[in-house]
Structures are given as C-alpha cells and as structure tokens.
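Per UniProt numbering, the sequence shown runs over residues 1 to 241.
For reference, the structure is listed below as structure tokens.
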Amino acid sequence: MLRGCVLDFGGNWANYLPLAKFAYNNSYQSSIGMTPYEALYGRPCRSSLCWIEVGERCLLGPKIVQETTEKIHIIKEKLKTIQDRQKSYADQRRKPLEFEEGDWVFVKVSPRRGIFRFGKNGKLAPRFVGPFQIEKRVGSVAYKLILPQQLSLVHDVFHVSMLRKCTPDPTWVVDLQDVQISEDTSYVEEPLRILEVGEHRFRNKVIPAVKVWWQHHGIEEATWEPEEEMRRHYPQLFYDF
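Structure representation (structure tokens):
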C-alpha cells in the first residue's frame, strides 16, 4: 500500500501516513476474513465517510462478551485455514530426512554479503562445511553433531533441513604422492591458423595484422596480432594461407 502511494505522498509523510494506516486497518484481510479494526474492536469502523446507521450502537454486558468470543473463534479458524494451506504448499517441496547415530553429514552455511567465513568472503564462501559425525538425535527434527575444537563457539544442535548426508567413497580420495606438480605453471598458446588479413591504422603509420585462431579457444575468441611478429615466430602459418 505504501509503495503504491509513495509518489503521491511526496515529502508530506507526516500528514499522509496516518491516513494510510487508517486505510490499511479498514481494508479486508483474507487471512482473517475481516478488517484488522473489526478484529480488534469487534465491530466495523464507522467513519464520517460512510454512516450506514443513524445513532450509536452500544454493546454491554454478556452480549459484547459473546460477540467478542465469536469474533475470536472466526479469526482462529481463518488463520488455521491459511496455515494449513501454506503447510500443504511447503510439504510438496519437502523431503523427509532421517539420520542415524554415527552418520557423517555436511552442515549448510547461509551465505551473507560482506561476511568472512571459513577463509572465504561473500559468494566464494562454501555452502556446506564438514563432514561432521552425528552424536545423537535431539527431538524429532534436530541432531547433535561432534564439532572440532575450532568450532567450539558454534551451537552443536542443528535442524535436519541444514544437514546433508555424506556418503564416503574411497575412489574419490586422491593420493597426494601420485600427484606430480610442475614448478613451471606457465604454458604457451599455439596458433592454429590465420583467419583474416588486415591492418592497424595509426596517425603516422599503418601496421599489417592478421587475425589468429588459437588452440584451446573458440573461433569467436580469435585475436588480431602484428603480422611481422607472427611471421617471425610462426612462419608455417603463412605457407597454407
């Protein structure tokens, strides 16, 4: 409601905000089946804009208690209907998860912008950490984990929705002794062929150039290089061109 009125309010928020609050409190809410004003006071709001009845209607004694009780019952039924509907939508996407004591699980970490976690910042932070072993079950939807000493400040009981089962596979483990790392991590890009001949024009000179398609790159990533440099380093490219 406020978003729709922000252009009309301009800088007069102090004058218009009470009117917006009044309009909201007297708008029908499908979740409770009535306006917030009627839910609070037990009767519709009677303003000078719309007087349906002449005179003042007063509720006293047992009658006001009865009507208030009926309103509360109606509101509870409406809210329960909405909650059941939302639960049915959530249950369609929810998968039952159960773990046993001794299982290994990963813990989900909620990424937050600007927060430095586990040695990474922002989007580079891991989404899951672990694995950690389950010590015992707490209630029906939570588990207590065995956390290392560096996570001693973290509460060790987690909801089942934050856990992902870890299935160890020995074939995924790489023996570091079998990994040979070269000290020289650089590599040389080799050209495949020349696609086009052109020139680079400057204020005082013109430099011949060729469009080169490089190995391990798509043809759309071809670059323009000086023809003299390419003839000196890769003369074989010009034999078939």
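Quick reminder that beta carbons are idealized off the backbone N, C-alpha and C, glycines included.
Taking each of GLU229, ARG193, TYR89 and GLY218 in turn and checking the Cα distance to VAL212, the smallest one comes out for ARG193. Remark: C-beta atoms of PHE132 and VAL109 do not approach each other more closely than 8 Å.
Within the model, the alpha-carbon separation for LEU195 versus LYS205 is close to 23 Å. For HIS159, the enclosing beta strand (DSSP E) covers residues 157-159.
In this structure, ILE134 places its C-beta atom within 8 Å of the C-beta atom of ASP103. For LEU40, there are no CB contacts under 7 Å within the same chain when 5 residues up- and downstream are skipped. Judged by their CB atoms, PRO208 and GLU229 are not nearer to each other than the 8 Å cut-off. Taking VAL157 as the centre and dropping the five residues before and after it, the same chain places the C-beta of VAL138, ALA142 and LYS144 closer than 6 Å to its C-beta, in chain order.
The C-beta separation of GLU189 from GLN215 comes to about 6 Å, placing the pair in contact by the 8 Å criterion. TYR239 and ARG201 have their alpha carbons spaced roughly 26 Å apart. LEU17 and TYR28 have their C-alpha atoms some 19 Å from each other. Apart from sequence neighbours up to five positions away, no residue of its chain approaches ARG85 with a beta-carbon distance below 7 Å.
Each of THR171, PRO191, ARG232 and GLY130 was checked against the Cα of MET162, and the nearest Cα belongs to GLY130. Membership of LEU163 in any alpha helix (DSSP H) is not indicated; the residue belongs instead to the beta strand (DSSP E) covering 163-165.
Annotation for LEU40: the continuous alpha helix (DSSP H) segment containing it runs 36-41.
Judged by their CB atoms, LEU237 and PRO168 are not nearer to each other than the 8 Å cut-off.
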